[in-house]
Amino acid sequence: MRIISLAVDGLETARDAGVFSWLKQQDADVICLQDTRCSEYSLKGDEFFPEGYNAYFWDDIDDHRRNGVAIYCKAMPKAIMTGLGFPEFDARGLYIQADYQNISIGSLLMPAAANDPQGLAERAAFMEQLAAHLQKIRNKRRDFIFCGGWGVAHEPIDAEEAGNRIDIPGFSDKDRRWLNSLYQSGYADAFRAHNSDPDEFTWWPEGDDAGGVRTDTQIISSDLVAHVDYAAIYTADTFSSHAPVIIDYDVTP
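With my numbering, the residue at position 18 of the sequence shown is 47, and numbering never jumps.
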């Protein structure tokens, strides 16, 4: 099963950059998109609903031009879940999940790390609730794959300028401790389960000329680590300020 994850910085803009032509070539089973900045009903054009896929969207209820997540599935899910049960955040278009018989696949957008006290407090609150939720579901009789624009990098190898800067977005000591705790409690980074190469980055927050960070990944139940067959970040073409993450799993939905 091939799963592709990408934060698109606006789905219509990514369409204009050729993302759907590229995705068609990849023949993915599931495509998880974040930061779509649209609603299903605002999209004009068949390319947004590619043949052979079931498309599901969850947008910001107050303004569909911000946030937003989507998931495209070849095999029709048993159920689609929107939100995480967080009253403060669920209407913002941050999470959608496709449930299959033994596995759930989610597309998650971490709230932006705004440089104001309120924005930082909201992001911290979301991360605290998310960590508690992931622990709550850890012992369910199913595996999970959370595809996300997490906004958080884990180790120095995941930040291009880690040796020279301490203000890299998503690379604070607090952010890294949050991820580390997650990886010690039943979850794993699917990309690093198969690929240990340095200089693998997914986001360039200050543009191509600045340092990159690997803040986009697929976080999986630890039982799935042995089933990761292939992991790559695609950088030959640019569809947004983020790069697609491609993971192949030896599982069926």
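All C-beta atoms, glycine included, are put in the ideal place defined by N, C-alpha and C.
- Shown here for residue 224: same chain residues with a beta carbon closer than 8 Å to its own, the five before and five after excluded, namely 260 and 261 in chain order.
- Taking residue 220 as the centre and dropping the five residues before and after it, the same chain places the C-beta of 229, 243, 246, 247, 260, 262, 274 and 276 closer than 8 Å to its C-beta, in chain order.
- Distance check between residue 250 and each of 124, 78, 103 and 172 places 172 closest, using alpha-carbon atoms only.
- Of 109, 77, 257 and 130, the smallest CA-CA separation from residue 45 is found for 77.
- DSSP places residue 48 in the uninterrupted alpha helix (DSSP H) bounded by 48-55.
- By the CB criterion at 8 Å, residue 102 and residue 70 fall outside the cutoff.
- In this model, residue 266 and residue 32 are separated by some 18 Å (Cα to Cα).
- Looking at the backbone, the Cα of residue 73 and that of residue 114 are separated by about 31 Å.
- Assignment of residue 86 by DSSP, reduced to helix, strand and coil, places it in the strand class.
- DSSP, read as helix, strand or coil, puts residue 127 in strand.
- Spatial neighbours of residue 58 in its own chain (CB-CB distance under 6 Å, excluding positions within 5 residues in sequence) are listed in chain order as 30, 31 and 103.
- Comparing alpha carbon positions, the residue from 164, 64 and 54 closest to residue 139 is 64.
- In this structure, residue 181 places its C-beta atom within 8 Å of the C-beta atom of residue 204.
- Going by C-alpha positions, residue 132 is about 33 Å away from residue 148.
- In summary, residue 189 is buried, with 16 or more beta-carbon neighbours lying within 10 Å of its beta-carbon over all protein chains present.
- Exposed is the label assigned to residue 90, since fewer than 16 other Cβ atoms lie within 10 Å of its Cβ.
- Taking the CA atoms as reference points, residue 108 sits about 31 Å from residue 209.
- The continuous stretches of beta strand (DSSP E) do not include residue 210, which lies in the alpha helix (DSSP H) extending over residues 202-212.
- Using a Cβ distance threshold of 8 Å, residue 37 and residue 200 do not count as a contacting pair.
- A residue is called buried once 16 or more other Cβ atoms fall within 10 Å of its Cβ, and residue 231 is buried on that count.
- The shortest CA-to-CA distance from residue 95 to any of 105, 110 and 40 is the one to 40.
- Note on geometry: alpha-carbon atoms of residue 51 and residue 278 lie some 20 Å from one another.
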